[in-house]
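Student: According to UniProt numbering, the sequence shown is numbered sequentially starting from 1.
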Amino acid sequence: MKGNGPSENYRIKGAKGTFGLIHPVSSHFCASCNRLRLTADGYIKACLYWDEELNIRPYIQNNPEELMKIVQQSIDNKPESHEMALKLQDEDTSHKPTWRRMSQIGG
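#1: Hey, residue 55 and residue 43 are a contact pair by Cβ (cut 8 Å); roughly how many whole angstroms apart?
#2: Using a Cβ-Cβ cutoff of less than 6 Å, which residues in the same chain neighbour residue 53 once the five nearest sequence positions on both sides are dropped?
#3: Would you kindly check if the distance between the Cβ of residue 36 and the Cβ of residue 74 is under 9 Å?
#4: Which one of 13, 30 and 66 has the shortest CA to CA distance from residue 80?
#5: Helix, strand or coil: which one does DSSP assign to residue 37?
#6: Beta-carbon separation of residue 59 and residue 48 under 9 Å?
#7: Using the C-alpha atoms, what's the distance from residue 18 back to residue 11?
#8: Taking the straight line between their C-alpha atoms, what separation do you get for residue 40 and residue 9?
#9: Comparing C-alpha positions only, which one of 61, 32, 5 and 63 sits nearest to residue 20?
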């Protein structure tokens, strides 16, 4: 069952709710990814895999106009691809992979 994001969702018969799996290597979903992540320490990540982040802490309370510009910049600069398959094959990629663990990013 398809949701609103990159996950493939499933329901177990008789269970409440659903769960989703994301297959980043075998199912390239980057073109349809509609997510941004806000980290606990105040950075926006346009891609879970890439290292690029934008610090929004200085703008959250004091400058909402600039905050909206930064959010839009993050949307506009979302990468077209995560290149994860290349990295798994030890090939060069155009971006540096993230240093954060997924549990540090949230989602």
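Using N, Cα and C, we set each Cβ at its ideal position, and we do this for glycine too.
Tutor: Taking the geometry as given:
#1: Contact flag correct, Cβ pair sits at about 6 Å.
#2: Excluding sequence neighbours, residue 53 sits near 43 and 45.
#3: Yes; because the gap between Cβ atoms is below 9 Å, this pair is in contact.
#4: Nearest of 13, 30 and 66 to residue 80, Cα basis: 30.
#5: In the three-state DSSP reduction, residue 37 falls in the strand class (E or B).
#6: Against a cut-off of 9 Å, the Cβ pair of residue 48 and residue 59 comes out as no contact.
#7: Near 5 Å, if we compare the C-alpha coordinates of residue 18 and residue 11.
#8: Distance between the alpha carbons of residue 40 and residue 9 is about 26 Å.
#9: For residue 20, the closest alpha carbon among the candidates 61, 32, 5 and 63 is that of 5.
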